[in-house]
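> Okay, here's the structure, questions in a sec.
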Ligand SMILES: C[S@@+](CC[C@H](N)C(=O)[O-])C[C@H]1O[C@@H](n2cnc3c(N)ncnc32)[C@H](O)[C@@H]1O
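In my numbering, the protein residues as written are 8 to 318.
Below, the structure written as structure tokens:
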């Protein structure tokens, strides 16, 4: 416990990962769980199930945080993750209200949208795609929480870098002419550029009218630099916080490898067959979500959210 006061060691110490499962997935669940402790009018996002995915080490840290919610280990990064969850939730809800037929969550980790976003269960087939190690842990937890695996969710285990995920999706009942949202949250920077291209190519060739993608990304400059910091000199970002976070995750085998050329999101996606490209930066989501008591919470400018429509 003593070590937990040292920010640099904190994630290593609490992140004792379950065999073969993703530590970054648990880390995001931890942020959602932590944010969900806050009162309704204060929290940026809400996920009542996230706490159930935490290993004892994280749960212990939750306990500490419950007594002092303002003391999170990586505040800027955590606040940005909370905003990301909220932004992606709001985006998805808009589609659910507008005739969505399928939802594909790529690199689903411990994403709980299938179980908590209203309207999905009745109207939308959900595919959760991830590596078997993480997915097996997820399925066991879902059974613990709900008693069984829900009928509207199909679990597809794939390694995006070595397997053809599109073929696996189709084998599992994915319908290529249906209106579909593809969520890639906290994913593409962990993939080789070819895997990202293959992922986007499948989506463009195999989804119905009005289908869309939403993901977050970082600039290529911050991947190319060994310290992981982007070229932007942002006063709100704690550069050590970012460096230490990236280093911790890499030590656990989850290395950031892919970035989009600085400022080139639109042409990147248009060249790959998308339209209506939108990029959201930290100033945008800070302005949208962080009001009142949340006004002074720092956010991290390193990552961007993006969405686009299949042409
Ligand atoms: C940062 S976590 C994000 C999890 C979830 N999307 C969220 O936001 O809570 C990254 C996820 O991508 C998955 N992932 C990373 N590389 C992958 C690969 N090559 N194939 C399949 N899944 C992968 C990890 O297993 C992990 O669950």
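We put the beta carbon where it would ideally sit given N, CA and C, even for glycine.
Does any heavy atom of ligand 1 sit closer than 7 Å to the C-beta of residue 29?
Here the question's residue 29 lines up with position 22 in the chain shown. Yes; taking the cut-off as 7 Å, the Cβ of residue 29 has a heavy atom of ligand 1 nearer than that.
> Anyone know if the C-beta pair for residue 127 and residue 159 falls short of 8 Å?
As a first step, residue 127 is located in the chain shown; it is residue number 120 there, counting from the start. As a first step, residue 159 is located in the chain shown; it is residue number 152 there, counting from the start. Closer than 8 Å, so yes.
> Report the option in 44, 207, 83 and 62 whose CA atom is closest to the CA atom of residue 72.
As a working mapping, residue 72 is identified with position 65 in the chain shown. Residue 72 has its Cα closest to that of 44, out of 44, 207, 83 and 62.
> Between residue 280 and the rest of its own chain, which residues show a CB-CB distance below 6 Å, the 5 nearest in sequence each way excluded?
For the purposes of this step, residue 280 is identified with residue 273 of the chain shown, where counting begins at 1. Counting only Cβ-Cβ distances below 6 Å, and skipping sequence neighbours, we find 211 and 318.
> For the structure I just gave you, are there three or more beta carbon pairs, one from the segment 79-98 and one from the segment 125-145, closer than 8 Å?
no
> Out of 248, 62 and 252, point me to the one whose CA is closest to residue 148's CA.
Taking the first residue of the chain shown as position 1, residue 148 is located at position 141. Ranking the options by Cα distance to residue 148, first place goes to 62.
> Can you list, in chain order, the stretches of the alpha helix (DSSP H) that have 4 or more residues and sit fully within the segment 17-91?
30-43 and 63-74
> Around the Cβ of residue 257, are there at least 16 other Cβ atoms within 10 angstroms (buried) or fewer (exposed)?
On the chain shown, position 250 is the one that residue 257 refers to. Counting Cβ neighbours within 10 Å, residue 257 comes out exposed, since fewer than 16 surround it.
> Residue 261: buried (16+ other C-beta within 10 angstroms of its C-beta) or exposed?
The residue labelled residue 261 in the question sits at position 254 within the chain shown. Buried: at least 16 other Cβ atoms inside 10 Å.
> Taking the beta carbon of residue 314 as the centre, do at least 16 other beta carbons fall within 10 Å, making it buried, or is it exposed?
Position 307 of the chain shown, counted from the first residue, corresponds to residue 314. Buried is the call here.
> Report back the beta-carbon spacing between residue 134 and residue 161 to the nearest angstrom; my notes put them in contact at under 8 Å.
Taking the first residue of the chain shown as 1, we reach residue 134 at position 127. Taking the first residue of the chain shown as 1, we reach residue 161 at position 154. Right, the Cβ-Cβ distance comes to about 5 Å (below 8 Å), so this counts as a contact.
> Are the beta-carbon atoms belonging to residue 306 and residue 294 less than 8 Å from one another?
By 1-based counting over the chain shown, the position of residue 306 is 299. By 1-based counting over the chain shown, the position of residue 294 is 287. Not closer than 8 Å, so no.
> Between the segment 29-47 and the segment 134-144, are three or more C-beta pairs nearer than 8 Å?
Contact annotation: the segment 29-47 touches the segment 134-144, with at least three C-beta pairs closer than 8 Å.
> Between the C-alpha atoms of residue 207 and residue 164, what's the straight-line distance to the nearest angstrom?
Within the chain shown, residue 207 is the residue found at index 200, counting from 1. Within the chain shown, residue 164 is the residue found at index 157, counting from 1. About 18 Å.
> Looking at residue 284: is its Cβ nearer than 8 Å to the Cβ of residue 311?
As a first step, residue 284 is located in the chain shown; it is residue number 277 there, counting from the start. As a first step, residue 311 is located in the chain shown; it is residue number 304 there, counting from the start. No, they are not a contact pair.
> Taking only beta-carbon positions, decide if residue 91 is within less than 8 Å of chain D.
Among the protein chains of the structure shown there is no chain D, as only one such chain exists.
> Just to confirm the assignment, what range does the alpha helix (DSSP H) spanning residue 172 have?
Residue numbering aside, residue 172 sits at position 165 when the chain shown is read from its first letter. Residues 172-178.
> Just reading off the alpha helix (DSSP H) that residue 191 is part of, what are its end residues?
Residue mapping note: residue 191 aligns to position 184 of the chain shown, counting from 1. Per DSSP, residue 191 belongs to no alpha helix (DSSP H); it is in the beta strand (DSSP E), 187-191.
> Enumerate in chain order the residues of its own chain whose CB-to-CB distance from residue 6 is below 7 Å, with the five nearest sequence positions on each side excluded.
Within the shown structure, residues of the chain are numbered from 8 to 318, placing residue 6 beyond reach of any answer.
> Restricting to Cα atoms, I'd like to know which of 192, 48 and 196 is closest to residue 266.
As a working mapping, residue 266 is identified with position 259 in the chain shown. Proximity to residue 266 across 192, 48 and 196 peaks at 196, based on C-alpha coordinates.
> Would you kindly work out how many angstroms separate the C-alpha atoms of residue 49 and residue 150, rounded to a whole number?
Residue mapping note: residue 49 aligns to position 42 of the chain shown, counting from 1. Residue mapping note: residue 150 aligns to position 143 of the chain shown, counting from 1. Cα to Cα, the separation comes out at about 31 Å.
> Check this for me: beta carbons of residue 309 and residue 225, under 8 Å apart or not?
As a first step, residue 309 is located in the chain shown; it is residue number 302 there, counting from the start. As a first step, residue 225 is located in the chain shown; it is residue number 218 there, counting from the start. The beta carbons of residue 309 and residue 225 sit closer together than 8 Å.
> Should residue 181 be counted as a contact of ligand 1 given a C-beta to heavy atom distance under 7 Å?
Here residue 181 corresponds to residue number 174 of the chain shown, with the count starting at 1. Not under cutoff, so the answer is no.
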